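Residue numbers (the working numbering), protein chains in the order written: chain A, 1 to 165; chain B, 166 to 522. Glycine included, C-beta positions come from ideal geometry on N, C-alpha and C. This structure is a prediction, so every number in the text was calculated from the model and none was measured. Take a look at the structure below.
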């Protein structure tokens, strides 16, 4: 009788140990799953994109305030991309890809609306498909009226080099 | 249960406890590091916005010589204006007061406290022109080779209009005077170089003022040439000079400015009188009037019977750092923007790091 009771207690004890091990395993699995869910939330993308947006505004603002548009775009039938590219390179940090597209606003044929005419090819230092592969891409735009009265719509797309999504 | 079963159970429980705590550490530590780095980035971006877009309090602290670091309520370098304010335009007086040699220097620990960084973060500011300008004299003559390069790639900058003028100490006649040369100008070639020839300059004590215009982006440089050019500092309308030097009451002060003309940038000067007021170890001269966007002020001063040129440059290139630059920290974050100081384009870089983890 005593031996039988001891056998039952011993089995219960073993069961408790197995339960504890199982509980620990469940905790471990939950921890792993939580880490997996939290870790790839890519918070850095948000802060980098916010910085790129500010940087884009800073670049467009300095270009229009310094009169770069008048010096490079106006008076030329074809947009002088290489000149603008050199100027933009001087403003931007290294390892930053950009693509600047300049549209000129003109009156529509019906005299009511406004149409956007692209001035030349977009000015860019980015290899093909850079913006498609980048983890974060910012787009900043600005409407600028030059001293001679022309209205331009500037669209600047930027991405950090060395990062892909 | 036998004694050995209790022992095994206790060992397993201890093992589970140790493993769990290790797991918790392994899981939380990388997340904490990522979160703190993100916090550092966001703080750096906010800090640069505050420094570049806010004028500080009092808003006129740059040119107001009665305002010291103790009187500042907030720190910002933006130009003060009563009506409109242009973004990313900095006040030259505020920027120059970050220079350690300026008599009204604002210590970086004061800026640190005003920005609310306390002992948690450290920061450094680096202000450099957007274009790299290098000037070399040719065979000791007054012919200078100017070389322009982009800062990052080091590529030559072509088609930039370069103008220069020299101001020199002239001892002809009874009183020493500051005279100027004709304006020399040229355009950089495909190699980013050009020559400026000032002809015959009858003095070895001279100051070279250069301005570069690259499709509207202006960069200015001020060089003191020769050993008889002593540094001075202009804060607001106050011209500070080393206490051992003095300026004769009849000597005018040349305020040098850069303006735009149809042919490109033009360098000129306006003469001003000044009167002396006592100010500690410096001689303080208050200028009767000061022209807007003054780039440098030059005058003749005298020390131990020898005449010197006193040069107060308003060129804003500097590093504002608590110690060695760049700071030797494990992790730092860098943000940069382009700003305008007295019409010239500068790149401002903010380096930020955590002092405690």
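Item, Value
"Considering only their Cβ atoms, is the gap separating residue 475/B from residue 464/B smaller than 7 Å?", "yes"
"Please confirm whether residue 66/A has its beta-carbon closer than 7 Å to some beta-carbon of chain C.", "No chain C is part of this structure, whose protein chains are labelled A and B."
"Can you check whether the C-beta of residue 165/A is within less than 7 Å of a C-beta belonging to chain B?", "Residue confidence is low: residue 165/A scores 45 on pLDDT, short of 50, so the model does not pin down where it sits. Its coordinate-derived value is still stated next. Taking Cβ atoms only, chain B never reaches closer than 7 Å to residue 165/A, which makes this a no."
"Show which residues of chain A have a CB atom less than 9 Å away from the CB atom of residue 210/B.", "47, 50, 51, 54"
"According to DSSP, is residue 467/B helix, strand or coil?", "strand"
"Name the chain B residues whose beta carbon is nearer than 7 Å to that of residue 93/A?", "501"
"Cutting at 7 Å between CB atoms, please list the residues of its own chain near residue 424/B, excluding the five before and the five after it.", "431, 433"
"So who's on the other strand from residue 421/B, going by DSSP bridges?", "434/B, 461/B"
"Going by C-alpha to C-alpha distance, which of 486/B, 315/B, 391/B sits closest to residue 286/B?", "486/B"
"Residue 97/A and residue 161/A look like a contact to me (Cβ under 8 Å); what is the Cβ gap, rounded to whole Å?", "6 Å"
"With distances taken from CA atoms, which of 138/A, 68/A, 94/A is nearest residue 82/A?", "68/A"
"Under the DSSP definition of a beta bridge, which residues are partnered with residue 87/A?", "Beta-bridge pairing links residue 87/A to no other residue."
"How do the segment 361-372 of chain B and the segment 402-410 of chain B stand: do at least 3 beta-carbon pairs fall below 8 Å, yes or no?", "no"
"Can you tell me the Cβ-Cβ gap for residue 216/B and residue 505/B, rounded? I've got them flagged as a contact below 8 Å.", "Not quite, the Cβ-Cβ distance comes to about 15 Å (not below 8 Å), so this is no contact."
"Beta-carbon separation of residue 509/B and residue 384/B under 7 Å?", "yes"
"Tell me which same chain residues have a C-beta within less than 6 Å of the C-beta of residue 151/A, skipping the five on either side of it?", "105, 145"
"Of all the CB atoms in chain B, is at least one closer than 7 Å to the CB of residue 118/A?", "no"
"Between which two residues does the alpha helix (DSSP H) harbouring residue 104/A extend?", "Run containing residue 104/A: none in the alpha helix (DSSP H); it sits in the beta strand (DSSP E), 96-107."
"Anything in chain B within Cβ reach of residue 27/A, meaning under 7 Å, just list it in chain order.", "185"
"Could you tell me whether the Cβ atoms of residue 177/B and residue 17/A are closer together than 7 Å?", "yes"
"Which chain B residues are close to residue 72/A, counting only those with a beta carbon under 9 Å from its beta carbon?", "380, 381"
"By the DSSP assignment, the alpha helix (DSSP H) with residue 274/B in it spans what residues?", "273-279"
"Under the rule that 16 or more other beta-carbon atoms within 10 Å means buried, what is residue 95/A, buried or exposed?", "exposed"
"Reducing DSSP to helix, strand and coil, say where residue 395/B ends up.", "strand"
"Quick check: the Cα distance between residue 275/B and residue 228/B, rounded to an integer number of angstroms?", "18 Å"
"With a threshold of 7 Å on Cβ separation, who are the neighbours of residue 149/A within its own chain once the five nearest residues in sequence on each side are excluded?", "none"
"Check each candidate in 125/A, 128/A, 102/A and name the one with the smallest Cα separation from residue 118/A.", "102/A"
"Given that residue 21/A touches chain B, what residues does it touch there, using C-beta distances under 9 Å?", "177, 181"
"Helix, strand or coil for residue 520/B? Go by DSSP, reduced to three states.", "coil"
"So, is residue 454/B buried or exposed, given that buried needs 16 or more other C-beta atoms within 10 angstroms?", "exposed"
"I think residue 526/B touches residue 371/B, with their Cβ atoms under 8 Å apart; what is that distance to the nearest whole Å?", "This structure does not reach residue 526/B, given that chain B is present from 166 up to 522, and the question cannot be answered."
"Counting pairs of Cβ atoms below 8 Å between the segment 293-302 of chain B and the segment 336-344 of chain B, do you hit three or more?", "no"
"Should residue 258/B go down as buried or exposed, given a rule of 16 or more other Cβ atoms within 10 Å for buried?", "buried"
"In terms of alpha-carbon separation, which member of 139/A, 87/A, 73/A, 49/A lies closest to residue 62/A?", "87/A"
"Just list the beta strand (DSSP E) runs in the segment 325-359 of chain B, keeping only unbroken ones of 3 residues or longer that don't cross its boundaries, in chain order.", "326-335, 342-345, 349-352"
"Taking beta-carbon pairs under 9 Å, can you tell me which members of the segment 241-264 of chain B lie near chain A?", "251, 252, 253, 254"
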